[in-house]
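**Q** The structure is given below, and queries will be raised subsequently.
In my numbering, the protein residues as written are 5 to 280.
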């Protein structure tokens, strides 16, 4: 019988421990790569990770780990759901909410006006539900976002996992106004501010943004918007402009076609400025 020395045993134990750690890391990476899919049947939609399970009023859905968009999955009662790929607007409807999230049209304006794209670095504050941060990450940016409320920040982190962008979004619990001086100069391509004290941060944009970088400020109130504009001009930012975001739904019926008589869809004021 061959005797294994204590040292050999220790080496074997270390190797086994490393192998186990590597396996755990690989499993964690695999889980992080599981981008959720939408399960759809008529007006029912559920956002579920591959390998997960979803209870519905039509029965339980067990989602295979190798599920693909276009597949059909049956509940244990035999009702079929269609699998769809997750798209940006779905985040608005399926993220857990900690307040009123930014609506898709406003997110589209921010991304379109600032040109957020692959490789951009974005500094964001007022994370909330995290729909804006997740949408910018899905456009290819890496995002650092600040949320004052620890519980909101925890929800936002879970939402980033649900949206498949946890690796691209750094959700920090804290107040950006307290940390702004510690951030590296010229380290961001875009700043997005959705917070009541945005005016106090706009003045830092020339130091934090690269040349030609953008700052985008969203506010539901005109008083704070005016303060943002004045501060942006004083800071020397260029092309400062504000637009109210309004959307009218159209109504089509047998009598004719016209805008809906529902209230005009104002959501807020969007101010865009550029670092020169």
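Here a beta-carbon is modelled for each residue, glycine too, at the ideal position from N, C-alpha and C.
Small disclaimer: the values here were computed from a predicted structure and weren't measured.
Quick check: the region 87-100 against the region 38-52, are there 3 or more CB pairs under 8 Å?
**A** Contact holds: three or more Cβ-Cβ distances are below 8 Å.
**Q** Express the C-alpha separation of residue 279 and residue 117 in angstroms, rounding to a whole number.
**A** Each residue's Cα considered, the two are about 14 Å apart.
**Q** Confirm, please, whether the CB-CB distance from residue 173 to residue 141 is below 8 Å.
**A** Yes.
**Q** Since residue 110 is in the alpha helix (DSSP H), which residue starts that stretch and which ends it?
**A** Here the alpha helix (DSSP H) through residue 110 covers 108-118.
**Q** Please report the residue range of the alpha helix (DSSP H) in which residue 218 lies.
**A** Residue 218 -> not in any alpha helix (DSSP H); beta strand (DSSP E) instead, spanning 213-223.
**Q** If you run the structure through DSSP and keep just helix, strand and coil, what is residue 32?
**A** Bear in mind that a pLDDT of 47 at residue 32, under 50, signals an unreliable position, so the number given afterwards is only what the model happens to contain. The answer is helix: DSSP assigns residue 32 an H, G or I state.
**Q** Could you check which residue in 246, 255 and 257 has the C-alpha nearest to that of residue 275?
**A** Per the Cα distances, 246.
**Q** Any beta-carbon of chain C closer than 8 Å to the one on residue 105?
**A** In the structure shown, chain C does not exist; there is a single protein chain.
**Q** Hey, would you say residue 177 sits closer than 8 Å to residue 157, going by beta carbons?
**A** Cβ atoms of residue 177 and residue 157: closer than 8 Å.
**Q** If contacts are defined as beta-carbon pairs under 8 Å, then residue 180 and residue 213 qualify, I think. What distance do you get, rounded to the angstrom?
**A** The Cβ separation is near 14 Å, so there is no contact.
**Q** Comparing alpha-carbon positions, which option in 63, 56, 81 and 138 lies nearest residue 70?
**A** The candidate whose alpha carbon is nearest that of residue 70 is 56.
**Q** Would residue 273 and residue 248 be called neighbours here (beta carbons separated by less than 8 Å)?
**A** Contact: yes.
**Q** Given a threshold of 16 other Cβ atoms within 10 Å of its Cβ, counted over all protein chains shown, does residue 215 qualify as buried or as exposed?
**A** Answer is exposed; the Cβ neighbour count stays below 16.
**Q** Grouping DSSP H, G and I as helix and E and B as strand, with all else coil, what is residue 82?
**A** Three-state result, residue 82: coil.
**Q** Give the DSSP-derived three-state secondary structure of residue 152 in the structure shown.
**A** It is coil, neither helix nor strand.
**Q** What does the Cβ neighbour count give for residue 52, buried or exposed, with the cut at 16 atoms within 10 Å?
**A** Answer is buried; the Cβ neighbour count reaches 16.
**Q** Which word fits residue 34, buried or exposed, when buried means at least 16 other C-beta atoms lie within 10 angstroms of its C-beta?
**A** Reliability fails at residue 34, whose pLDDT of 45 lies under 50, so the model's placement of it is uncertain and no value is given.
**Q** For residue 270 and residue 165, I'd like the C-alpha separation in whole angstroms.
**A** Approximately 31 Å, taken between the alpha carbons.
**Q** Just verifying my parser: in three-state terms, what is the DSSP assignment at residue 270?
**A** DSSP places residue 270 in strand when its eight states are reduced to three.
**Q** How many angstroms separate the CA atom of residue 199 from the CA atom of residue 242?
**A** Going from the Cα of residue 199 to the Cα of residue 242 covers about 21 Å.
**Q** Please name the residue or residues paired with residue 174 in a DSSP beta bridge.
**A** Note: residue 174 sits in a beta bridge opposite 148.
**Q** Report the residue from 95, 136, 182 and 226 whose alpha carbon sits nearest the alpha carbon of residue 197.
**A** Checking every option, the nearest Cα to that of residue 197 belongs to 136.
**Q** Among the candidates 78, 61 and 150, whose CA atom is the shortest distance from the CA of residue 68?
**A** Of the candidates 78, 61 and 150, the one whose C-alpha sits nearest the C-alpha of residue 68 is 78.
**Q** Taking 8 Å as the limit between beta carbons, can you name the residues of its chain near residue 240, skipping five residues before and five after?
**A** Here the set comprises 210 and 280.
**Q** For residue 194, tell me which candidate among 122, 185 and 264 has the shortest Cα-Cα distance.
**A** That would be 122, whose Cα lies nearest to the Cα of residue 194.
**Q** How big is the Cα-Cα spacing for residue 48 and residue 228?
**A** Distance between the alpha carbons of residue 48 and residue 228: 39 Å.
**Q** Going by DSSP in three states, residue 43 sits in which element: helix, strand or coil?
**A** Residue 43 falls in the strand class under three-state DSSP.
**Q** Buried or exposed, going by whether 16 or more other CB atoms sit within 10 Å of the CB of residue 225?
**A** Looking at its Cβ environment, which holds fewer than 16 other Cβ atoms inside 10 Å, residue 225 is exposed.
**Q** If we count the other Cβ atoms within 10 Å of its Cβ and call it buried at 16 or more, is residue 97 buried or exposed?
**A** That one is exposed.
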